[in-house]
Amino acid sequence: MWAPDIYEGSPTPVTAFLSIAPKISISANISRVSIYGSYGATLQQIFFFCSIASMILGALAAMAQTKVKRLLAHSSIGHVGYIRTGFSCGTIEGIQSLLIGIFIYASMTIDAFAIVSALRQTRVKYIADLGALAKTNPISAITFSITMFSYAGIPPLAGFCSKFYLFFAALGCGAYFLAPVGVVTSVI
């Protein structure tokens, strides 16, 4: 996987752009195809399996990380899986939930990387370094915590609403296996 290495080695503003821009452009193009035409059952199944693989890979790889940017990279991989959930439905509800998910994901990602960028002078590089952040910069600590809880989909935060709509759309289109996998990987 290239994303964690690129995220870690790039300047934080570039990393934030690399985290958001490709997902928005790919989502917009595929949404356009699915609105104006059908992409068929075969492509729908491919989206289904890619979604599951991305969610599982992102969640499991994120658990093993010790650096903040690498954690955000693996979280980004997992969120591609959640976004693909909307594509795999092949319905208007799936596309609507996808667009909501992209907007919320972009907002959370901008916030997370803004905080990481602001903490650059304090040399916060490892996840363990965030423990002292509550004493040195409590506002950033609270904001970063809320953002990470939103990434995880904890209610009543925006990330929960995003995942709720995506999983509800998955259940509505008959992807009964996709929603529970998404819930489990959110908890991980």
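Just so you know, the UniProt record's numbering puts 129 at position 129 of the sequence shown, and the rest follows in order with no gaps. For every residue, glycine included, the Cβ atom is placed at its ideal position computed from N, Cα and C. A quick note: this is a predicted structure, and the numbers were derived from the prediction, not measured.
Residues R84, F87, S88 of the same chain have their beta carbon placed closer than 6 Å to that of F47, with the five preceding and five following residues left out of the count. The shortest C-alpha to C-alpha distance from V80 to any of F144, I139, I188, I20 is the one to I20.
For the pair G58 and T136, the Cα-to-Cα distance works out to about 31 Å. For K67, the three-state secondary structure derived from DSSP is strand. Look at the beta carbons and you see the segment 141-154 not touching the segment 15-32: under three pairs across the two are nearer than 8 Å. Y165: member of the alpha helix (DSSP H) spanning 158-172, first to last residue. Y105 sits in a helix when the DSSP states are folded into three classes. F167 sits away from A152, with the two beta carbons spaced by 8 Å or more. Straight-line measurement puts the Cα of L130 at about 7 Å from the Cα of V124. The beta carbon of F113 is closer than 8 Å to those of T12, P13, T15, A16, S19, L72 in its chain, skipping five residues each way along the sequence.
In the DSSP assignment, F144 falls within the alpha helix (DSSP H) that extends over 138-152. Y82 carries a helical assignment under DSSP once its states are collapsed to helix, strand and coil. Annotation: D129 is outside any alpha helix (DSSP H) and is labelled neither H nor E by DSSP. The beta carbon of L157 sits closer than 8 Å to those of I146, F149, S150, all from its chain and outside the five residues before and after it, given in chain order.
Residue burial is scored here from C-beta neighbours: M55 has at least 16 other C-beta atoms within 10 angstroms and is therefore classed as buried.
In the displayed model, L98 falls within a helix according to three-state DSSP. Per the coordinates, the alpha-carbon of S31 lies some 21 Å from the alpha-carbon of M108.
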